[in-house]
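J.: Supplied in structure tokens, the structure appears directly below.
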DNA sequence: ACAATATGGGAAAAATTTGTCCCTATGCAA
DNA sequence: TTGCATAGGGACAAATTTTTCCCATATTGT
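Residue numbers (the numbering used here), protein chains in the order written: chain H, 11 to 133; chain P, 11 to 133.
Right, here's the structure in full:
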């Protein structure tokens, strides 16, 4: 695990939520777990763009931040299930608000994002 | 400006909002601009941890994503003002929801974040 | 025997983001 | 004339995040 050289700022609510939600796939992990996709392999199938390694790392962090719990069944081949904690569930409406805004403006968003990319890339 | 080698995924609303909000200070920039802090120097004073350079870069991106507009007054010394577009204003309630959750659970958040840090750092 | 399943972590490389340093411009104040 | 305020960008360095590759476990099916 990478050890930060620069400490995070934890002043306001935005800093704090940022600290637990920042990470390429964390929001989606919470979302899919909430939808009932509990096993690591299911989550990996849901998020094929993510590397397996990173999903594991972010699941560990979510767990350390007490947003999810992990149950390991002592069977072979191994079976693992993640679930939201109550704390994690309290985040779902917030994530829903993010997704809703993104859905509502998806056309416009796609346009401005792609336009900027073209500008930077040079078409 | 850095040119991505790996294209972003723009599948769902969460991808899309992530694309425009990701960046260390973007959310705070939107927030402070909404509160009436329009000039770059004001914003820099509000966010002293951020480097001047990065604030400029992120303001540029917010502008390219049409969340803010920039007015340059042709005076000396230069004067610049940023404002939220209507599109940008529509994001404010979403950001408020994030901040609200962070405020509501700030004690618990501070605890779990610091505990994890100690674990990683080794006290 | 060998491959497939399911889960997870170490090590190092690659990608990306953020910070630092320096340079530009102009008018005003000490 | 030197220094401050205001604003912004290039070049490069440092920090951080993410990916890739490989190894390990133990059972079931071929």
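Quick reminder that beta carbons are idealized off the backbone N, C-alpha and C, glycines included.
1) Among the residues of its own chain, which have a CB less than 7 Å from the CB of residue 31 (chain P), if the five just before and after it don't count?
2) At which residue ranges does the region 72-121 of chain H contain complete alpha helix (DSSP H) runs of 4 or more residues, listed in the order of the chain?
3) Only counting the same chain, and skipping five residues up and downstream in sequence, which positions put a Cβ closer than 6 Å to that of residue 80 (chain H)?
4) Check for me: the alpha helix (DSSP H) holding residue 52 (chain H) runs from which residue to which?
5) Alpha helix (DSSP H) containing residue 31 (chain P): first to last residue?
6) Alpha helix (DSSP H) containing residue 47 (chain P): first to last residue?
7) Quick check: is the beta carbon of residue 114 (chain H) nearer than 9 Å to any beta carbon in chain P?
8) For residue 98 (chain H), which residues in the same chain have their Cβ closer than 7 Å to its Cβ, ignoring the five residues on either side in sequence?
9) Below 8 Å, can you find three or more Cβ-Cβ pairs linking the region 97-116 of chain P to the region 50-63 of chain P?
10) Of all Cβ atoms in chain P, is any one closer than 9 Å to the Cβ of residue 94 (chain H)?
11) Against chain P, does residue 79 (chain H) count as a neighbour if the rule is that its beta carbon must be under 9 Å from one of theirs?
12) Under 8 Å: do the region 105-116 of chain P and the region 99-119 of chain H share three or more Cβ pairs, one atom per stretch?
13) For residue 30 (chain H), would you say it is in contact with chain P, using Cβ-to-Cβ distances shorter than 9 Å as the test?
14) Relative to the C-alpha of residue 69 (chain P), which residue among P:42, P:83, P:84, P:88 is closest?
15) State yes or no: is the C-beta of residue 28 (chain H) within less than 9 Å of the C-beta of residue 71 (chain H)?
16) Just to confirm my understanding: we take residue 131 (chain P), look at its own chain, exclude 5 residues before and 5 after, and list those with CB closer than 8 Å. What are they?
17) Anything in the region 50-65 of chain H with a Cβ closer than 7 Å to a Cβ of chain P? List those residues in chain order, please.
18) Contact defined as beta carbons within less than 8 Å: I believe residue 57 (chain P) pairs with residue 20 (chain H). What is the distance between those atoms, to the nearest angstrom?
19) Would residue 23 (chain H) be called buried (16 or more neighbouring beta carbons within 10 Å of its own) or exposed?
20) Could you give the DSSP three-state label for residue 14 (chain H): helix, strand or coil?
21) If you draw a straight line from the alpha carbon of residue 128 (chain P) to that of residue 18 (chain P), how long is it in whole angstroms?
22) Here's the rule I'm using: 16 or more other beta-carbon atoms within 10 Å means buried, otherwise exposed. How should residue 126 (chain P) be labelled?
23) Any C-beta of chain H sitting closer than 9 Å to the C-beta of residue 86 (chain P)?
24) Let me know the secondary structure DSSP gives residue 124 (chain H) once reduced to three states.
25) For a test of the three-state rule: what should DSSP assign to residue 35 (chain H), helix, strand or coil?
T.: Taking the coordinates as given:
1) 37
2) 96-99, 102-114
3) 73, 92
4) 50-56
5) 23-31
6) Counting along the chain, residue 47 (chain P) falls outside any alpha helix (DSSP H), and DSSP gives it neither H nor E.
7) yes
8) 40, 77, 78
9) no
10) no
11) no
12) yes
13) yes
14) P:42
15) no
16) none
17) 59
18) In fact, because the Cβ distance is near 15 Å, the residues do not count as touching under 8 Å.
19) buried
20) coil
21) 33 Å
22) buried
23) no
24) helix
25) coil
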